[in-house]
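Novice:
Number of protein chains: 2
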Amino acid sequence: MRKKIEKEHVGEQQLPRLGVAPYLELMGKTASKDTNQASAHMGLLLLWIGDNIQDMMDLNLSSFGITESKLDLLLLLILHQDKEGITPSSIAGRLGIRRASATALLDWLEKRNWIERKTNENNRRMVHVHITPEGRNLVDQILPTFWSTCDSFISDLEVEEQVVLKKILMKLNGSLERRLGVGR
Amino acid sequence: MRKKIEKEHVGEQQLPRLGVAPYLELMGKTASKDTNQASAHMGLLLLWIGDNIQDMMDLNLSSFGITESKLDLLLLLILHQDKEGITPSSIAGRLGIRRASATALLDWLEKRNWIERKTNENNRRMVHVHITPEGRNLVDQILPTFWSTCDSFISDLEVEEQVVLKKILMKLNGSLERRLGVGR
DNA sequence: GCTTATAGTTAGATAATCTAATTGTAATCA
DNA sequence: TGATTACAATTAGATTATCTAACTATAAGC
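In the order they appear, the protein sequences are chains F and Y. Position one of the first sequence corresponds to residue 1 (full-length UniProt numbering), numbered consecutively onward. Position one of the second sequence corresponds to residue 1 (full-length UniProt numbering), numbered consecutively onward.
1. Between which two residues does the beta strand (DSSP E) holding valine 139/F run?
2. How many Å lie between tryptophan 147/Y and arginine 136/Y at the Cα?
3. Entirely within the UniProt domain "HTH marR-type" (39-174) of chain F and at least 4 residues each: give me those alpha helix (DSSP H) ranges in chain order.
4. Quick check on the burial criterion: 16 or more other C-beta atoms within 10 angstroms. Buried or exposed for proline 88/F?
5. Can you find a CB in chain Y that lies within less than 8 Å of the CB of serine 62/F?
6. Let me check understanding here. Comparing Cα to Cα, which of Arg124/F, Phe153/F, Arg94/F and Glu160/F lies closest to arginine 17/Y?
7. Would you call the CB atoms of isoleucine 78/Y and isoleucine 131/Y closer than 8 Å?
8. Show which residues of chain F have a CB atom less than 8 Å away from the CB atom of tryptophan 108/Y.
9. For threonine 30/F, which of helix, strand or coil comes out of DSSP?
10. Can you find a C-beta in chain F that's less than 8 Å from the C-beta of glycine 135/Y?
11. In this structure, does DSSP put glutamine 37/F in helix, strand or coil?
12. Are there 16 or more other CB atoms within 10 angstroms of the CB of glycine 50/F, so buried, or fewer, so exposed?
13. For arginine 178/F, does the three-state DSSP call read helix, strand or coil?
14. Along the stretch 71-88 of chain F, what residues have a CB closer than 9 Å to any CB found in chain Y?
15. Looking at chain Y, is there any beta carbon in it that lies within less than 8 Å of the beta carbon of tryptophan 48/F?
16. Given this structure, state the Cα-to-Cα distance separating serine 175/F from valine 182/F, to the nearest angstrom.
17. Out of Asp58/Y, Ser39/Y and Leu71/Y, point me to the one whose CA is closest to phenylalanine 153/F's CA.
18. So, under 8 Å CB-CB, leucine 76/F and threonine 67/F are touching, yes? Tell me the CB distance rounded to an integer number of Å.
19. Cα separation between tryptophan 114/F and glycine 19/Y?
20. Do we get a CB-CB distance below 8 Å when we pair tryptophan 147/Y with the residues of chain F?
21. Measuring only between beta-carbons, confirm whether valine 164/Y sits less than 8 Å from chain F.
22. Classify threonine 35/Y: buried if its beta carbon has 16 or more other beta carbons within 10 angstroms, exposed otherwise.
23. Would you say lysine 111/F lies against chain Y (beta-carbon separation less than 8 Å)?
24. If you measure from the beta carbon of isoleucine 154/Y to each beta carbon in chain F, is any gap under 8 Å?
25. Between asparagine 123/F and chain Y, is the shortest Cβ-Cβ distance under 8 Å, so that the two count as touching?
26. Quick one: using the 10 Å Cβ neighbour count with 16 as the cut-off for buried, is leucine 47/F buried or exposed?
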């Protein structure tokens, strides 16, 4: 008797890949006339690329049992650890989430002993947050994979392409951060 | 899902923006020696850019009461609507999610009358999915905003920068899709 | 000393995902 | 041809990440 797989084996009837062309055709029919369609084409590619690199990072981090957003928070704690001002509020402000959401993230990390909370004795409403040695240890284990994954995103590009891209990406990121009013 | 919209008046004690430098310094100390740090720097920027454009798109679509991932599904239905092979399974395959997750998405869209399910009479295990006129109407209302948002991502770049970027982005997206085994 | 503001948490909700189990149908094969 | 296996979809139940609103404790202002 044959026993069974586990892959949830997706059937043969895959939808064909269409590529970008039908999207551009639809854009031609549905974009407002003051939209620059060549730029929008690039924006669409950026959206897809963002999606794909996010998936790739999630995939590579999944074995560590932590998501990129939680790693992000731990990095924040490391990079600001000399300052005393790391509180649930300031974390929420930096990550662009509500205080209640920060509480939930911190609960999760605290339960695993990767961060600690300590009440501010001068203002007992406030709580200081810091990473523990175990947390730092975890991050040190993860970071080599994190950086090599970042490296891998553009590994298929030629060196000259990378040079050009670098300048543009820095400018682009600055522009987006300015317009969103955020920034790391 | 992300919301991140209102303000909830965040207090004064904001964490300072550090910029990329401390990240690069940390990378110097923690990256494996076969990581190309210049490339990883660009990868990090791409990750941040992806995050920022996703936020910008979410923000601009939020007033339509639909997320980008659900719009994505509706676009899929539109672009494949001549073919008969659109089923929960094929949707799950294309979106890279499980069939159960596709069922949940379709339930949500069906409840709002934007899609319809119809049992395949030749093989009663299968269900065909198609967009309704109301669904198509909704998409037509959203798309101008969607395209202009895509356009806006790179609106601060010079024309020459855009020209260079386009070629690189197409190559980059192709490379990522190939490595992830996905594609639109 | 009341009143108001602030920081954090709790309670309860929703969205987007997952795995495992279930249901109904089709195909295989002994 | 009837039992077994495979497959498509759904259901049930869980987790993660977010939200808003309400609550608690503390500090500050008048």
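Cβ atoms here follow ideal geometry from the backbone N, Cα and C, with glycine treated the same way.
Specialist: Put simply:
1. Where valine 139/F is concerned, there is no enclosing beta strand (DSSP E), although the alpha helix (DSSP H) it sits in stretches over 133-153.
2. 16 Å
3. 68-79, 88-95, 99-111 and 133-153
4. buried
5. no
6. Arg94/F
7. yes
8. By Cβ distance, chain F contributes nothing, its closest Cβ being about 20 Å from tryptophan 108/Y, past 8 Å.
9. helix
10. no
11. helix
12. buried
13. helix
14. Leu75, Leu76, Ile78, Leu79, His80, Lys83, Gly85, Ile86 and Thr87
15. At a cut-off of 8 Å between beta-carbon atoms, tryptophan 48/F makes contact with chain Y.
16. 10 Å
17. Ser39/Y
18. The pair is not a contact, with the Cβ atoms about 14 Å apart (cut-off 8 Å).
19. When rounded, the distance between both Cα atoms is 25 Å.
20. yes
21. At least one chain F Cβ lies under 8 Å of valine 164/Y.
22. buried
23. No, lysine 111/F lies away from the interface with chain Y (no Cβ there is under 8 Å from its Cβ).
24. yes
25. no
26. buried
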